[in-house]
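Engineer: Read left to right, the sequence shown gives residues 1 to 173 (this note's numbering).
Glycine included, each C-beta is placed from N, C-alpha and C at the ideal position.
Note that the structure is a prediction, hence the values are computed from the model and not measured.
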Amino acid sequence: MTEVEKTIKRFRDYVIQQSRSNLTKGNKNVTKQLYNSIKGEVVTDKGFTIVGFSMDEHGQYQDKGVKGKTSSAKAPNSPFKFGSGTGRKGGLTQGINKWVRTRKFQFRDRRSGKFLSYDSTAYLITRSVFQKGIKPSLFFTKPFEAGYKKYIDVDLMKAFGQDMETIIDFNLK
Numbered sequence: 001m002t003e004v005e006k007t008i009k010r011f012r013d014y015v016i017q018q019s020r021s022n023l024t025k026g027n028k029n030v031t032k033q034l035y036n037s038i039k040g041e042v043v044t045d046k047g048f049t050i051v052g053f054s055m056d057e058h059g060q061y062q063d064k065g066v067k068g069k070t071s072s073a074k075a076p077n078s079p080f081k082f083g084s085g086t087g088r089k090g091g092l093t094q095g096i097n098k099w100v101r102t103r104k105f106q107f108r109d110r111r112s113g114k115f116l117s118y119d120s121t122a123y124l125i126t127r128s129v130f131q132k133g134i135k136p137s138l139f140f141t142k143p144f145e146a147g148y149k150k151y152i153d154v155d156l157m158k159a160f161g162q163d164m165e166t167i168i169d170f171n172l173k
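Right under this line is the structure:
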């Protein structure tokens, strides 16, 4: 294994570990589905090494945020927007309904003080999120950028130099 490949694998492992840690610290790890879906792959072919990352689709929305139907104040720079017609129908409703039930979260009626049903609570939250949007958490972006600075900008050049020294020494012998 070359030093360059080792450095790229350390970068991949750092990004995955920090992203998962950010999900847990940010209290966004209810079902562990997104946590477990974060993967990285290093492919080497014909002298080129490429690293790629993948995760569940809703991970992009959590990371970059989503503009609301009526307000983009929470995520003004997000490429995603509720009500654009490009997303899956009912996905937000299903996700929030599952989240409400998993967390056993219920609002109370203002007048009677009784708990609302899970469906009513999920409806109110869904409506608010749809209108106002989702704030970006940057759980993946921040580790990626930090890892890039640490491993790619600095360590990769050192690793490349070490590999070149090894190749030259081998060829001279």
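(1) According to DSSP, is residue 10 helix, strand or coil?
(2) Taking the runs of the alpha helix (DSSP H) that are 4 residues or longer, which of them lie wholly in the segment 91-167?
(3) Can you tell me the Cα-Cα spacing of residue 88 and residue 125, whole angstroms?
(4) Pick out whichever of 104, 3, 53 has its Cα sitting closest to the Cα of residue 12.
(5) Where does residue 50 sit, in a helix, a strand or coil, going by DSSP?
(6) If you run the structure through DSSP and keep just helix, strand and coil, what is residue 45?
(7) Output the distance between the C-alpha atoms of residue 24 and residue 106, rounded to the nearest integer angstrom.
(8) For residue 59, which three-state DSSP category applies?
(9) Would you mind reading off the limits of the alpha helix (DSSP H) that contains residue 84?
(10) Which one of 155, 138, 172, 170 has the shortest CA to CA distance from residue 60?
Structural biologist: Let me lay it out:
(1) Counted from its first residue, the sequence shown places residue 10 at position 10. In this structure, residue 10 counts as helix in the three-state DSSP scheme.
(2) 91-103, 118-132, 141-147
(3) For this step, residue 88 is matched to residue 88 along the sequence shown. For this step, residue 125 is matched to residue 125 along the sequence shown. In a straight line, the C-alpha of residue 88 is about 18 Å away from that of residue 125.
(4) As a first step, residue 12 is located in the sequence shown; it is residue number 12 there, counting from the start. That would be 53, whose Cα lies nearest to the Cα of residue 12.
(5) For the purposes of this step, residue 50 is taken as the residue at position 50 of the sequence shown. Residue state, collapsed to three classes: strand.
(6) For the purposes of this step, residue 45 is taken as residue 45 along the sequence shown, with counting starting at 1. Reduced to three states, the DSSP call for residue 45 is strand.
(7) Within the sequence shown, numbered from 1, the residue matching residue 24 stands at position 24. Within the sequence shown, numbered from 1, the residue matching residue 106 stands at position 106. Roughly 23 Å between the two C-alpha positions.
(8) If you number the sequence shown from 1, residue 59 lands on position 59. It is helical.
(9) Residue 84 sits at position 84 when you count from the first residue of the sequence shown. Residue 84 -> no alpha helix (DSSP H), and no H or E assigned at all.
(10) As a first step, residue 60 is located in the sequence shown; it is residue number 60 there, counting from the start. Residue 60 has its Cα closest to that of 138, out of 155, 138, 172, 170.
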